[in-house]
Amino acid sequence: MTSDDTTLDASAPWLEVDALIDDPRTRIVVCCGSGGVGKTTTAAALGVRAAERGRKVVVLTIDPARRLAQSMGISELDNVPRRVKGVDEAAGGELHAMMLDMKRTFDEIVEGHADAERARAILENPFYQSLSAGFAGTQEYMAMEKLGQLRAGDAWDLIIVDTPPSRSALDFLDAPKRLGSFLDGKFIRVLMAPAKVGGRAGMKFLNVGMSMMTGTLSKLMGGQLLRDVQTFVAAMDTMFGGFRTRADATYRLLQAPGTAFLVVAAPERDALREAAYFVERLAAEQMPLAGLVLNRVHGSGAAQLSAERALAAAEALTEDLADYAPEDAEEAPQRPDDDPNSPSDEAGSPLAENLGPDGIVDLADGKTGSRTPGGPSPAAAEHAASPSAPAAQLAAGLLRLHAERMQVLARERRTRDRFTALHPEVPVAEVAALPGDVHDLAGLRAIGDRLTLRPGATDD
């Protein structure tokens, strides 16, 4: 980004990324946004930059794609933080990375909050296995659980969370409520009732009060599935309150000082509309918003040449090309010394009349290659100054490409300006698009450098 036309308006505050990650009070950074806008890359780039500036960092990705592992040179990420090699640790920092294993995290919760016999019964229960592997919202809830575990362990100065890609905005924040509603819902409470009543009273309640309902459920779910659910509920009875308690604690942690949300978006209408919703939702939930990262912003090294001027110049070149048709060049007369049948330069010949001490003197006809005593004739000079057809075609094509790029810049700028007009209080960092994909630590460092460029600075 090299021009004021491609940088932030003066009214839009600048997001100071280095100040954010250098602040020891910043303990959690959550990167959120819609899918495909570069959240994973942004989270990884922040992790690399923070580690090389002295922080002990762990990056937690919930994205099922393996881009983070590949860019950090790790063969595979799993539920255990892995140290990233190749990071400059001269400042005393470290970088670890991990990918959430939803089922393994759920298993760890069960194993940590139930005795061995009950834990085994839960882990082997078919309904639990289905719930832990694919229940709606489980991934986001387990991300909250894992974040709580990492923060409680206090082994890292900074935790960077790459939230799941989602069209329904902040599922990451909604997950505790959703799973809590399921666990506290009427269906679960009814299934828990026999276990809570116990003994003969429980059997009597089950046989009399639930006979019609269980019969219907057996037809809908199947008798074996219903028994699996009841067994699971009975085994999990003592743990349900713990889920809600831990979820509430992690939710409060996200609202507390020391947590910073970064909304990541591309400079496109749909992505920024989603980003605006994120900003409004975070404000409603009283979550601390650090700012917006506008990713993959296009720039130009010749932004002073507008699209209109570039198109006009390309059109002029195209018109000039039409005036210099190939057949015109073929009809031009040959030079006398190149044509064996040309007249000799004997005295009295037409050619001899045009001879002078400095060469051929063109008196009137302006033939190509002729000369005047002071140099080439005006006609010859004009022809020599005109660009050749291939060069003119190339120049016209480049001008049209530049015009298209400037139109893209203008569209991105208008889209960004609409967002900043709606949310003038939100700091913004623009990240210039790289020419290729990020697939290693060098690429992540380049993204980190772009994240911290001040508006109007040149990215050399």
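Using UniProt numbering, the first residue of the sequence shown is number 1, and each one after it goes up by one. Idealized CB from N, CA, C, for every residue including glycine.
The three-state secondary structure of Thr26, taken from DSSP, is coil. In this structure Val58 is in contact with Met98, their Cβ atoms being roughly 7 Å apart against a cut-off of 8 Å.
Taking C-beta atoms under 8 Å as the contact rule, Lys103 and Ser132 qualify, at a distance of about 5 Å.
The three-state secondary structure of Glu285, taken from DSSP, is coil. Per DSSP, the continuous alpha helix (DSSP H) segment holding Glu404 begins and ends at 389-422. Sixteen is the threshold: since fewer than 16 other Cβ atoms of the shown chains lie within 10 Å of the Cβ of Gln286, the residue is exposed. Exclusion of the five residues before and after Thr26 leaves Leu20, Leu158, Gly258, Ala260 as the residues of its chain whose Cβ lies within less than 7 Å of its Cβ. Here Met142 has Leu100, Met102, Thr105, Phe106 as same chain residues with Cβ atoms under 7 Å from its own Cβ, once five neighbours each way along the sequence are excluded. Under the criterion of beta carbons closer than 8 Å, Ala12 and Pro424 qualify as touching, at roughly 7 Å.
Here His402 is buried. Its C-beta has 16 or more other C-beta atoms within 10 Å.
Ile122 and Val110 have their alpha carbons spaced roughly 8 Å apart. Under the criterion of beta carbons closer than 8 Å, Ala432 and Arg450 qualify as touching, at roughly 5 Å. Boundaries of the alpha helix (DSSP H) around Val48: 39-52. For Arg411, the closest of Arg252, Arg269, Leu321 by C-alpha to C-alpha distance is Arg269. By the criterion of a C-beta distance shorter than 6 Å, Ile74 is surrounded in its chain by Arg82, once the five residues flanking it on both sides are discounted. In terms of Cβ geometry, Val426 and Leu289 form a close pair [threshold 9 Å]. Spanning the alpha carbons of Thr61 and Val80 requires a straight line of approximately 12 Å. Assigned with DSSP and collapsed to three states, Met144 falls in helix. Leu95 is positioned such that its CB atom lies no closer than 9 Å to that of Gly153. Here the C-alpha atom of Val279 lies approximately 48 Å from the C-alpha atom of Ala316. Looking only at Phe232, Cys32, Pro164, the smallest Cα-Cα distance to Ala114 is reached by Phe232.
A distance below 9 Å separates the beta carbons of Ala307 and Glu404. Here the alpha carbons of Ile28 and Ala45 stand approximately 15 Å from one another. Taking a C-beta distance under 9 Å as the contact criterion, Glu140 and Thr250 do not qualify as a contact pair. Just so you know, the alpha carbons of Ile447 and Tyr277 end up roughly 25 Å apart. Thr415 has its alpha-carbon roughly 11 Å from the corresponding atom of Leu294. Annotation: Ala395 to Glu319 spans about 13 Å, alpha carbon to alpha carbon.
Here the alpha carbons of Arg151 and Met72 stand approximately 23 Å from one another. Counting the other CB atoms within 10 Å of its CB gives Ala302 a total below 16, which places it among the exposed residues.
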